[in-house]
Amino acid sequence: NCVNNNCVCTPTPMATACSGKSCGTVSDGCTGSYTCGTCGGSTPNCVNNNCVCTPTPMATACSGKNCGSVSNGCGGTYACGTCSGATPNCVNNNCVCTPTPMATACSGKSCGTVSDGCTGSYTCGTCGGSTPNCVSNKCVCTPTPMFTACSGKSCGMVSDGCTGSYTCGTCSGTIPACKNGTSCVECTADSNCTPLSYKACDQAHNSCVCAQKSSGNQITNGGFDNSSLSGWGFDATAVRWDASDVDNCPRSGSARISLGSGNSLTQCVSVGNGGGKLFTLGFKYKQDTASVVLCLLSFATGVDASGACINGAGPDFFAVQSGVGVSTTNWQTASGSGTADPGTSYIQIQCTSNGGTAWLDQMYLTQGSSGSF
1 NCVNNNCVCT PTPMATACSG KSCGTVSDGC TGSYTCGTCG GSTPNCVNNN
51 CVCTPTPMAT ACSGKNCGSV SNGCGGTYAC GTCSGATPNC VNNNCVCTPT
101 PMATACSGKS CGTVSDGCTG SYTCGTCGGS TPNCVSNKCV CTPTPMFTAC
151 SGKSCGMVSD GCTGSYTCGT CSGTIPACKN GTSCVECTAD SNCTPLSYKA
201 CDQAHNSCVC AQKSSGNQIT NGGFDNSSLS GWGFDATAVR WDASDVDNCP
251 RSGSARISLG SGNSLTQCVS VGNGGGKLFT LGFKYKQDTA SVVLCLLSFA
301 TGVDASGACI NGAGPDFFAV QSGVGVSTTN WQTASGSGTA DPGTSYIQIQ
351 CTSNGGTAWL DQMYLTQGSS GSF
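All the letters of the sequence shown, read from the start, carry residue numbers 1 to 373 under my numbering.
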C-alpha cells in the first residue's frame with residue numbers, strides 16, 4: 001500500500017483476521033499478529049485456531065479398569081469390559097464379587113455354614129437338644145440304627161433316639177414274657193405260666209413252677225421234679241421217673257412203679273424227736289390195673305452209711321394204699337396216719353406195686369392228723 005508516497009503494509013483488522021477462529025494467533029497481514037482467544041472447559045485444545053476436545057486414548061482412559069464405561073474426556077465413552085464368573089459385579093469399573101447378605105444366604109437354614117456367594121461363608125446356627133445333628137443345614141435328630149438300639153435285647157420296644165421306636169422282637173413258646181423290655185423269660189406273672197400248664201411264676205428267677213411242697217412236708221423231692229428221682233432209693237428194674245404229672249407241669253413228673261421188690265421206692269426221713277407223735281403220709285396216684293400200690297411207714301432210731309433207716313424203734317408201722325380193685329387214668333388221692341413208736345427219730349417209707357403199673361406224685365409226710373403236699 002502506498003501511503004504518503006511510501007509503500008507500507010496496512011494490517012488486516014483483527015476482526016477480519018480472527019473471523020472464524022476462536023483461539024491461537026493469526027497474522028495481522030503485516031509483521032504482527034493477533035490472539036484470537038483461549039480454550040478451556042469441554043474444548044480445551046486449540047487446533048487450527050479452533051477450540052476442540054481431543055479424546056483421551058481408550059488405553060489411557062481404561063487403564064486400571066476392567067469393566068463398565070468411562071469418559072473419553074470429551075462427550076463420549078469407552079466400554080472397558082464386562083464381568084462374569086466368580087466376580088460378576090462391576091463396581092467402580094472393577095469386576096468384584098458382592099457377598100449375598102447373611103439373612104438371604106441363611107434363609108430356611110438353621111445350622112452349619114453356607115457360602116456368602118464369593119470366597120467367604122456364614123455360620124447359620126448350631127444344633128442341640130432333641131435335634132442335635134446338622135444335616136443339609138437343618139437341625140435334625142438322626143435315629144440310632146436299629147441294630148445298635150436293640151443290641152443285647154431280644155424283645156420289647158426301644159427308642160430310636162428321636163421320636164420313633166423299634167420292636168426288638170417278640171416272645172413266644174416256653175419263654176413268652178418280656179422282662180424289663182429287654183429279654184424273653186419264662187414268666188413275669190402267673191398269667192404267663194397258665195398256658196404252659198404251670199401254676200405260678202417264681203418272679204425271683206422268672207421261672208414257672210408247679211406245686212411246691214409245704215414247709216411241713218418232710219419228704220425230699222416228693223414232687224419228682226427236674227426229671228429226677230433224687231432223694232429216693234429205688235429198684236431200677238421196677239421204678240423209673242415218668243413225665244406224667246398231676247399238674248401237667250413239663251419240669252415235674254412222677255415215680256412210675258411196676259411189679260417189683262417189696263422195697264421198690266424208699267426214703268428214710270428224719271423226724272427229730274418223733275416218738276409218740278402222729279404222722280400223716282399222703283400221695284396222688286393213678287394205676288393201670290385193679291391192683292394196689294402200698295406204702296408202708298416204719299419207725300427207726302438211726303441210719304446207716306448209705307442213708308437207709310436202721311434199728312427199728314418198735315414193731316409198729318402203718319400202711320397207706322391206693323384204691324383196691326380200681327383202675328384209673330385220673331389222679332386220685334390216698335393218705336393215712338399213724339403214731340410213731342417211742343424213740344423214733346426216722347421214718348422209713350417203702351412203696352411197691354402189687355400188680356400192674358402205678359404212678360405216684362406229690363408225696364408228703366407231715367406231723368399231725370392231716371397235711372398236704
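A virtual CB, placed ideally from N, CA and C, is assigned to each residue, including glycine.
From the options, residue whose alpha carbon lies closest to that of residue i
| i | options | result |
| --- | --- | --- |
| residue 351 | 181, 285, 80 and 204 | 285 |
| residue 357 | 268, 256, 333 and 267 | 256 |
| residue 246 | 211, 271 and 275 | 211 |
| residue 36 | 19, 270 and 176 | 19 |
| residue 66 | 56, 72, 289 and 79 | 79 |
| residue 32 | 17, 126 and 289 | 17 |
| residue 174 | 84, 201 and 371 | 201 |
| residue 281 | 359, 229, 366 and 44 | 366 |
| residue 359 | 28, 266 and 243 | 243 |
| residue 92 | 161, 81 and 101 | 81 |
| residue 40 | 30, 51 and 63 | 51 |
| residue 277 | 266, 232, 340 and 310 | 340 |
| residue 241 | 249, 253 and 248 | 253 |
| residue 220 | 149, 249, 196 and 307 | 307 |
For residue i, three-class secondary structure by DSSP
| i | result |
| --- | --- |
| residue 192 | helix |
| residue 204 | coil |
| residue 17 | helix |
| residue 60 | helix |
| residue 328 | strand |
| residue 100 | coil |
| residue 79 | strand |
| residue 177 | strand |
| residue 305 | coil |
| residue 211 | coil |
| residue 105 | helix |
| residue 89 | strand |
| residue 374 | As shown, the chain starts at 1 and ends at 373. That puts residue 374 outside it, with no answer to give. |
| residue 219 | coil |
| residue 28 | coil |
For residue i, the residue or residues it bridges with in DSSP
| i | result |
| --- | --- |
| residue 256 | 240 and 359 |
| residue 6 | 3 |
| residue 40 | 43 |
| residue 299 | 347 |
| residue 147 | Answer is none; residue 147 lacks a bridge partner. |
| residue 279 | 338 and 367 |
| residue 287 | 328 and 358 |
| residue 267 | 349 |
| residue 318 | 297 |
| residue 135 | 138 |
| residue 234 | 265 |
| residue 225 | 252 |
Presumed contact (8 Å Cβ cut-off) between residue i and residue j, rounded CB distance
| i | j | result |
| --- | --- | --- |
| residue 74 | residue 53 | 4 Å |
| residue 117 | residue 90 | Incorrect: roughly 16 Å between the Cβ atoms, too far for contact. |
| residue 224 | residue 316 | Actually they do not touch by this definition, with Cβ atoms about 28 Å apart. |
Pair every Cβ in the stretch 305-321 with every Cβ in the stretch 236-251, then say whether three or more of these pairs are closer than 8 Å. no
Using a Cβ distance threshold of 8 Å, determine whether the stretch 181-188 contacts the stretch 212-226, with at least three qualifying pairs required. no
How about the stretch 101-114 and the stretch 122-137: do they share at least three Cβ pairs that are nearer than 8 Å? yes
Using a Cβ distance threshold of 8 Å, determine whether the stretch 121-135 contacts the stretch 151-160, with at least three qualifying pairs required. no
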